[in-house]
Amino acid sequence: MIAMKKPILFFFLVFLLIAGINSVTAQVSPLTSTTWNQGCNYNTDCPADGAGACGHVYTGCGATAYAQMLKYHAFPPAGWGSHSYTAGSYGLQSANYAATSYNWTSMPNALSSMNADVAQLMYHCGVALDMGYGPSGSYCSANSQVLKQYFKYSLSVRGALQSQYTSTAWENLVISELNAGRVVFASGGAHFYIIDGYQTTPSLKFHLNFGWGGFADGYYDIHNVVVSSTNFTPYSVIVGIKPLAGLEASPDTVTVGSGGGNANYEVASLATNWTASTADSWITPALLSGGPGFYNYTNGASATIGSHSLYTPRYGSVTYTDGSTTKNIVVKQNGIQPFLYCAQNNLTYSSSSSMQTVNISCDSNWTVTPSAPWITVTPISGTGNGSIDITVAGNPSTSTRIGTVIVTRNNLQQVINITQAGSGSFWCTPAMITPGTNGITNVTLNTLNRTSAINEGYINTSTGTTLKIDTSYTIYVTFSGGNAPAVWIDWNIDGDFGDPGEAVVSPSGTWYPSFSSTKNMAFTVPATAVEGVTRMRVYAKAFGTGPVSGPCNTTDNGGDIEDYDITVMNQRHIWATPSSLSYLNAGGTQNVTIDCDSAWTVNSPASWISFTAGSGSGNGTNGVITTANTSTVPRTASVTYTRGTRTAVVAVYQDGADTILLANTLAATIPNSGGTQNVIMTSNVAYTMTSSQSWITTSVSSGSGNGSFDIIVSSNPTPLIRTGNVTVQSGTFTQVISITQDSTSTVLNVAPPSLNYSSAGGVQSFSITTSSGWTASTGDSWIGIDQNSGSGNATINVTATMNGTTSIRTGSVTVTNGLVLQVVTVTQDSMITTGVKTYGANGLHVYPNPANDFITIESSEYVDAQLQLFDATGRLVLEGNMNSGRTMLSTSELGKGMYLLLVKENGSVVAQHRLIIQH
């Protein structure tokens, strides 16, 4: 990650600061006050390395960003568990989070010297992230899990990728987090940083804290973050970062396949013991009880799910409770998906009557249909897995015949191709009259590979292979001893081997003679070959009496004559695998493998199915794309691949959608006089509305799909705030809308009634005392408040930015409960235009000014004063104390620009001095 040792500010920023220009109007002022860095003082607990900053490796930008987020929340007081890993040559690194107390109040917003608490926090974050430490930079991945596992943060913590959002949605995601008071962790340009504020005037920009000691912190277009010509535009963020408040479980719903397995999720409890239970016999939680801590699938946050034999999904739940809080994990188990498979799709028969068995795998009922009367099948129907016997009658013709057997399960089909040879009596039967010491030991052709002994004489092997017309093959024959060989194939199935081209290996060709060796011959199936089952004859007689004289000899001596069945197929074909596809309701793309000899097209009658290509040629893959199924009902369709008159069908099944039930608001505050709250529902199911209180009613009691309804609250006659809720429910899915109604109380007090700030700005607070709801607002752009509304007593933090003008300015914060209005006056001193403004006595000297790496402060009057240095945004960046009237402060870690030095005695400002740092 990027570490800045001496950051450089652009000169025009200095000009703007001197001129007192401040054009940023924050909608949410920067939430963080820290300007932490990665080098000296921050890295004291990191591994030692003489080549690193102050003798140690850098903390790493990931650790610095995490540490600043934890400091912002001042949480946890102590962590969970421990972690260790080996960091290369630096050896074992470990942190015991459970045994550590984090002293948040002892961690200043910036360091000018070593602070043990900050250094420890930085190191603990680095260990959690398995930091790859180094002397010039330290690197890690953005692991959001560690916030939950070690630092007790909410299970709402999650990552998000910019590529999955539109520009507006990406902005709104970050804005919603900041509006909720949650900083956002960002990744961009090989660097990690935090987004902690935004402004809408004059344009939408977000405030970034880069973790470089304040350098480059400011407002940026989130789609174009560039610093010193380097692009840091965020491509991913971590959101939902907030402390764990009690018992949580996530996600709301876990989906498991019909075959069962494990449903994995997360459970976390901050401080209480919990128990787990389920009313569903098919769900078995791994743990039935536990204590405070973080749980995932590795330590018990899972459930074993049994298999499901129905087609429709089923729903169940696991309930976690600590006695006061209850959380449910809904388990959705998909129904079984239709399937149909045949173990064989091509059967070859001899001319005689015979039977073969084919195994069938299916989830439901199936039927069988033969295409010709000479094919019989038993049984012709079945359920589930089974087998069929396919019998062919004797073929009285000398021609090969072809048929099919179609197995059907609704819209799923499997085709079994049947090829039967013509009557074999017309192929001559040769013979060997005397044994010898030679013969054939192996014949290999395409899928055929037969090994045999020598001197077997004539044998019909009843084995063979399939050859395609116009396709080239190579035959391999292994001989033993001295042989006169030959090979014939009856291409036109006319009962002889004498037609042109049928002598694949001529008796007097290159194989003659063949001694103990393997011969090979390449050949091409002729375009004139007849489809069907024909005969190949491999001949080897004893060498010594010349070449083989013909394929029908009966007086040759020694060797072997082997006959094989060759099924000749037209190369025109198309096959598609697999024969069925199953999709989740979200849709997606799956590939089908095409085996085809020519051009093909693909189509489907279903509008929700499309393809990566609507046509193709030859072998390849084709993507079948399904859109999201927004209905809760599963759907089926088919995809047909076509090559001429030949087709291949693929069945498509898509699961129904998960139940969607979302309300646009889950909390509403209603004035004591009563009123209505409109609720917009996003849903794909029917639902009902029920109220927990008689003073809360709804405009309708039920709804379906997307729509809206009103929550109607009557007037509150009591002096107490009252609460209730409206539950929107569909099955096990609920949305609970909390209603808070103000009381008739007129009590609303603020204290103190006024706040006074130095020109450097800062943060002060006032308290609200009331039993009713209230809102707070300010019309002054230089004033920020951390809460805009609430109920009951509260404390409001008020931030004043630096006053770069020479005039005192005033503003206000207004608080009202609808009946009573209170105003808190805010006053801020002006910027001093002389080098020193003295409140008590003269004698303050600050030099050098402009400064580089250090400044010296001397005073004969303020011998024990406190010193504070603020940057141009009003953030405290350095602190120190006068030591007998003189002290020296290091400014080497500060960025170039203008700063304000305040001298305080007993908490009051007695002098201030403007300072420029120019290194």
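Using the working numbering, read the sequence shown as starting at 407 and increasing by one per residue. Idealized CB from N, CA, C, for every residue including glycine. Bear in mind that the values here come from a model prediction, so they are computed numbers and not experimental data.
Three CB pairs or more closer than 8 Å across the stretch 1103-1118 and the stretch 1077-1086: In this structure the stretch 1103-1118 touches the stretch 1077-1086; the number of beta carbon pairs closer than 8 Å is three or more.
Nearest-angstrom Cα separation, counted from VAL1232 out to ASN1199: 21 Å
CA-CA distance, SER886 and VAL893? 16 Å
Thinking just about the alpha-carbon of each residue, which of SER1016, TYR918, ARG978, TYR721 is nearest to the one in GLY950? TYR918
Can you tell me whether DSSP reads TYR387 as helix, strand or coil? Beyond the ends of the chain as shown, which are 407 and 1325, falls residue 387; an answer cannot be given.
Give the range of the alpha helix (DSSP H) segment to which TRP442 is assigned. Per DSSP, TRP442 belongs to no alpha helix (DSSP H) and is neither H nor E.
VAL580 to PRO436 span [Cα, whole Å]: 13 Å
Along the alpha helix (DSSP H) that carries HIS479, what are the first and last residues, could you check? Its alpha helix (DSSP H) spans residues 467-479.
Residue interval of the alpha helix (DSSP H) (run including GLN977): Counting along the chain, GLN977 falls outside any alpha helix (DSSP H), and DSSP gives it neither H nor E.
Hey, out of SER544, GLY532, GLY543, whose CA is closest to SER550's CA? GLY532
Alpha carbon of TYR641 to alpha carbon of GLY595, nearest angstrom: In a straight line, the C-alpha of TYR641 is about 9 Å away from that of GLY595.
Compute the beta-carbon to beta-carbon distance between VAL737 and VAL662, rounded to the nearest angstrom, for a pair I have assumed lies under 8 Å. 7 Å
What are the residues that DSSP puts in a beta bridge with GLY390? Residue 390 lies beyond the stretch modelled for the chain, which goes from 407 to 1325, so this question has no answer here.
In chain order, what residues of the same chain lie with their CB nearer than 6 Å to the CB of ALA1327, ignoring the 5 residues before and after it? Nothing about residue 1327 can be reported from this structure: the residues present for the chain run from 407 to 1325 only.
Alpha carbons only, please: which of SER512, HIS462, PHE616 is nearest the one belonging to PRO541? HIS462
According to DSSP, is TRP510 part of a helix, a strand, or is it coil? Reduced to three states, the DSSP call for TRP510 is helix.
Cβ neighbour criterion (16 or more within 10 Å) applied to GLY1050: exposed
CA-to-CA distance, LEU584 to VAL1219, given in whole angstroms: 21 Å
C-beta atoms of PRO482 and PRO657 nearer than 8 Å: Cβ atoms of PRO482 and PRO657: not closer than 8 Å.
Pull up the distance between the alpha-carbon of TYR626 and that of ILE601, whole angstroms please. The straight-line gap separating the alpha-carbon atoms of TYR626 and ILE601 is approximately 10 Å.
Whole angstroms are fine: how far does the CA of VAL1039 sit from the CA of SER1136? So the two alpha carbons sit approximately 16 Å from each other.
Can you tell me whether GLU577 is helix, strand or coil according to DSSP? GLU577 carries a helical assignment under DSSP once its states are collapsed to helix, strand and coil.
In chain order, what are the residue ranges of uninterrupted beta strand (DSSP E) at least 3 long that sit wholly in the stretch 1049-1074? 1052-1060, 1067-1069, all fully within the stretch 1049-1074.
How about SER1177 and ILE1127: do their beta carbons lie closer than 8 Å? yes
For ALA709, count neighbouring C-beta atoms within 10 Å of its own C-beta (all shown protein chains included) and say buried if the count is 16 or more, exposed if not. buried
May I ask which residues mark the beginning and end of the beta strand (DSSP E) holding LEU650? Counting along the chain, LEU650 falls outside any beta strand (DSSP E), and DSSP gives it neither H nor E.
Thinking C-beta only, is ALA501 closer than 8 Å to ALA484? no
Ignoring anything shorter than 3 residues or poking outside the stretch 658-729, list the beta strand (DSSP E) runs there in chain order. 659-662, 667-670, 672-675, 680-683, 689-691, 699-701, 708-711, 720-727
What are the start and end residues of the beta strand (DSSP E) that includes LYS738? 732-739
Just list the residues that DSSP pairs VAL1132 with in beta bridges. SER1097, ILE1143
I believe SER757 touches ALA827 by the beta-carbon criterion, under 8 Å. Please report the beta-carbon distance rounded to the nearest angstrom. 5 Å
Please state whether DSSP places ASN585 in a helix, a strand or coil. In the structure shown, ASN585 sits in a helix (DSSP, three-state: H, G or I).
Expected contact under 8 Å - CB spacing of THR372 and SER723 to nearest Å: For the chain, the structure presents residues 407 to 1325; residue 372 sits outside this window and is missing.
Taking one C-beta from the stretch 959-974 and one from the stretch 832-844 each time, how about it: are there three or more such pairs within less than 8 Å? yes
Measure the CB-CB distance between MET1208 and GLY1167 and report whether it falls below 8 Å. Less than 8 Å separates the beta-carbon of MET1208 from that of GLY1167.
Using the Cα positions of SER953 and ILE781, report the straight-line distance between them to the nearest angstrom. The sequence shown places Pro at residue 953, not Ser. So the alpha carbons of these two residues sit roughly 44 Å apart.
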